[in-house]
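K.L.:
Handing you this structure, nothing more for now.
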Amino acid sequence: MSAGIQPTQASVNSAAGSAALNLRSAFQAVVNLQDWLGTQTNASLVALGFTTGDAAVIISTIGNLNTLAGVYAGAAPGSAFNYQANSFALWGGQ
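In terms of my numbering, the sequence shown opens at residue 33 and continues consecutively.
Laid out in structure tokens, this is it:
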């Protein structure tokens, strides 16, 4: 079939490279946010306007995603954990 975008070596290389780079960038963003959150308290997030519950969710969920970023970077994986379901509250099903 010749309709639509046809794969080429260049397009596959571009897609693979972009996927790997996007994943690396996403994990680095998590690490950067965790570094900042590590200097904050629940109360300091509440002072920014978050509810106590929302502040706790952010701190906990980013901490869990930071664990996943660590596995990506070579840390030993722990027990099975559903990071996608755990982060649902932050991405709102989008």
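For every residue, glycine included, the Cβ atom is placed at its ideal position computed from N, Cα and C. These figures come from a predicted structure and were not determined experimentally.
1. Please name the residue, chosen from ALA105, ASN64, GLY110, GLY124, that lies closest to ALA52 on a Cα-to-Cα basis.
2. Determine the DSSP secondary structure at THR40, reduced to helix, strand or coil.
3. Please report the Cβ distance between SER111 and LEU97, rounded to the nearest whole angstrom; I am assuming they are in contact, meaning their Cβ atoms lie under 8 Å.
4. Below 8 Å, can you find three or more Cβ-Cβ pairs linking the region 38-56 to the region 72-85?
5. Taking the alpha-carbon of ALA88 as reference, which of GLN38, VAL103, ALA58, ALA121 has the nearest alpha-carbon?
6. Span of the alpha helix (DSSP H) holding ALA117?
P.N.:
In short, the structure shows the following:
1. Cα-wise, what sits closest to ALA52 is ALA105.
2. Coil at THR40, not helix or strand.
3. Actually they are not in contact, since the Cβ atoms of SER111 and LEU97 sit about 16 Å apart, beyond 8 Å.
4. Contact between the region 38-56 and the region 72-85 is absent, because fewer than three Cβ pairs lie under 8 Å.
5. The shortest C-alpha to C-alpha distance from ALA88 to any of GLN38, VAL103, ALA58, ALA121 is the one to ALA121.
6. Counting along the chain, ALA117 sits inside the alpha helix (DSSP H) bounded by residues 115-118.
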